[in-house]
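A short write-up of the structure that comes next.
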Amino acid sequence: MVGGVKMDKLTIKQVRVLNDLSQKQMAFKLDMPLGTYQKKEQGRSPFTFLEVVKICEAFNVDINKIQVD
Numbered sequence: 000m001v002g003g004v005k006m007d008k009l010t011i012k013q014v015r016v017l018n019d020l021s022q023k024q025m026a027f028k029l030d031m032p033l034g035t036y037q038k039k040e041q042g043r044s045p046f047t048f049l050e051v052v053k054i055c056e057a058f059n060v061d062i063n064k065i066q067v068d
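Here numbering that gives the first Met the number 0 is used: position 30 in the sequence shown is 29, and no number is missing along the way.
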């Protein structure tokens, strides 16, 4: 809850942390170099739609519950 408002969307980082994965492990799951994953998680480069779909499928998360900025 933030400022009295329930937050119902998860960031990719939250999905990773909730599943107890390191950035290196997540990058491996997505078949991308660690540096590329880090840039995406930090918002310096966007995740593609297919990458988001792959994350949702891997962790059984509804795509509508993912916050991608």
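Every residue, glycine too, gets a C-beta built ideally from N, C-alpha and C.
Review point. Helix or strand or just coil, what does DSSP make of LEU29?
Key: Mapped onto the sequence shown, residue 29 falls at position 30. Coil at LEU29, not helix or strand.
Exercise for review: Pull up the distance between the alpha-carbon of GLN37 and that of VAL67, whole angstroms please.
Suggested key: For the purposes of this step, residue 37 is taken as residue 38 along the sequence shown, with counting starting at 1. For the purposes of this step, residue 67 is taken as residue 68 along the sequence shown, with counting starting at 1. Near 15 Å, if we compare the C-alpha coordinates of VAL67 and GLN37.
**Study point:** For LEU20, three-class secondary structure by DSSP
**Key:** Working through the sequence shown from its first residue, we reach residue 20 at position 21. Residue state, collapsed to three classes: coil.
Review point. Distance, Cα to Cα, VAL51 vs ASN18?
Key: Indexing the sequence shown from 1 puts residue 51 at position 52. Indexing the sequence shown from 1 puts residue 18 at position 19. Taking the straight line joining both Cα atoms gives about 15 Å.
Check your understanding: Where do the N-terminal and C-terminal ends of the alpha helix (DSSP H) with ILE54 fall, by residue?
Key -> Indexing the sequence shown from 1 puts residue 54 at position 55. For ILE54, the uninterrupted alpha helix (DSSP H) segment begins and ends at 48-58.
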